[in-house]
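Novice:
Numbering (our numbering), first residue to last: 3 to 389.
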């Protein structure tokens with residue numbers, strides 16, 4: 003039996019507004035959202051089964067108010083027993099070929115997260131399951147040390163936080179990310195970190211030591227300065243002021259810090275690009291980047307449900323602009339354009355970003371990490387060299 007969706011049918015189905023003119027196809031009827039009290043503090047509105055599941059369970063009210071007995075979605079953590087921790091990729095439009103994800107799923111609950119579809123590989127929903135049924139890799143530091151010590155390993159920057167956030171709330175208890183950093187520091191291995199959590203400042207001691215040897219840089223994602231929008235869109239992530247405060251703390255410690263305006267969502271947060279960059283630059287960020295909203299696979303429907311529930315008046319306009327920047331589709335996964343989009347609107351966003359960076363002195367110099375300090379960890383039982 004598959005892990006299945008659980009849709010509370012206390013309210014009638016919501017039908018999406020008619021498709022804007024020129025769109026390739028109409029949206030299907032939306033799934034009924036999980037009752038608000040059961041998903042309090044979560045980003046997704048529903049919990050539809052993943053695309054690989056052949057069966058689904060749907061909870062419905064049979065007249066006995068049985069839905070009221072269903073428990074709220076609480077965070078649970080299972081152990082991931084993967085035998086390897088370094089993931090490889092050959093994507094030509096990203097600046098790294100290897101990464102580490104200490105966790106699967108992310109409690110931050112960002113509704114737009116492009117990593118949500120990966121939960122379908124586990125037989126779980128990219129919806130509420132993604133932010134409540136998490137997997138941790140407590141063996142990650144040991145596995146990493148073993149992989150770095152393997153014959154033939156060639157060091158290049160490892161990216162962490164490119165799929166799910168390594169500093170999400172459960173990191174406070176599990177401390178897997180700190181263990182990974184300890185291994186990388188001992189080995190003199192470069193690492194780039196992406197997060198939207200103030201918890202990264204906990205490891206400022208390690209990061210500062212690594213920064214002195216050009217082994218680390220940290221990017222903080224700041225999506226909006228609007229507290230209400232942030233709370234709705236990224237319910238369990240650090241608040242915007244906390245992220246800016248963290249940028250300042252890292253920068254003051256001499257750690258190369260980047261601000262990421264990601265994702266840029268047209269007609270929702272694109273008007274804030276200049277203000278976010280200005281606030282981050284004054285906090286000490288020296289570099290900046292942005293990524294246009296991406297809606298692969300199940301993310302499209304989850305974002306659509308969220309938009310209709312929270313900003314119904316902007317629904318048509320947002321999706322019209324998205325399609326204008328995605329060749330008439332809701333998403334285009336083409337390498338080279340998937341991060342920035344195409345068309346006049348995408349060009350304007352890119353130009354605004356470039357002008358703001360130029361005025362603020364951002365991206366004048368790019369921090370470069372080095373592999374010169376790399377020393378392979380000693381494998382258990384390995385004989386020491388005489389030379």
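The C-beta atom is built at its ideal place from N, Cα and C for all residues, glycine as well. On a predicted model such as this, the values are computed, not experimentally measured, just so you know.
(1) If you run the structure through DSSP and keep just helix, strand and coil, what is residue 478?
(2) Cβ atoms of residue 135 and residue 392: under 7 Å apart, would you say?
(3) Report buried or exposed for residue 371, applying the criterion of at least 16 other Cβ atoms within 10 angstroms of its Cβ.
(4) Which residue comes first and which comes last in the beta strand (DSSP E) that contains residue 264?
(5) In whole angstroms, give me the CA-to-CA distance for residue 214 and residue 195.
(6) Tell me the residue span of the alpha helix (DSSP H) that contains residue 178.
(7) Specify whether the segment 271-291 and the segment 220-227 touch according to this definition: at least 3 beta carbon pairs, one from each stretch, less than 8 Å apart.
(8) Would you mind stating whether residue 183 and residue 167 have Cβ atoms separated by less than 7 Å?
(9) Relative to the alpha-carbon of residue 158, which residue among 143, 231, 51 and 99 has its alpha-carbon at the smallest distance?
(10) Taking only runs that begin and end inside the segment 70-143, name each unbroken beta strand (DSSP E) of 3 or more residues, in chain order.
(11) Which same chain residues, not among the five before or five after residue 391, have their C-beta less than 7 Å away from its C-beta?
(12) Rounded to a whole number of angstroms, what is the C-alpha to C-alpha distance between residue 108 and residue 307?
(13) Please report the residue range of the beta strand (DSSP E) in which residue 197 lies.
(14) Helix, strand or coil for residue 317? Go by DSSP, reduced to three states.
(15) Taking the continuous alpha helix (DSSP H) assigned at residue 172, which residues delimit it?
(16) CB-CB under 8 Å to residue 178, same chain, minus the five flanking residues each way: which ones, in chain order?
(17) In or out: residue 9 buried (at least 16 other Cβ within 10 Å) or exposed?
(18) From the DSSP output, in three-state form, read off residue 36 for me.
Specialist: Short version:
(1) With the chain running from 3 to 389 in the structure shown, residue 478 is simply not present.
(2) What is shown of the chain runs 3 to 389, which leaves residue 392 out entirely.
(3) buried
(4) 259-266
(5) 16 Å
(6) 178-189
(7) yes
(8) no
(9) 99
(10) 78-81, 88-90, 100-102 and 135-138
(11) The first residue shown for the chain is 3 and the last is 389, placing residue 391 beyond what the model contains.
(12) 19 Å
(13) 193-197
(14) helix
(15) Residue 172 -> no alpha helix (DSSP H), and no H or E assigned at all.
(16) 104, 105, 138, 139, 140, 142, 143 and 168
(17) Residue confidence for residue 9 is low, a pLDDT of 38 falling below 50, so the modelled location carries little weight and cannot support an answer.
(18) coil
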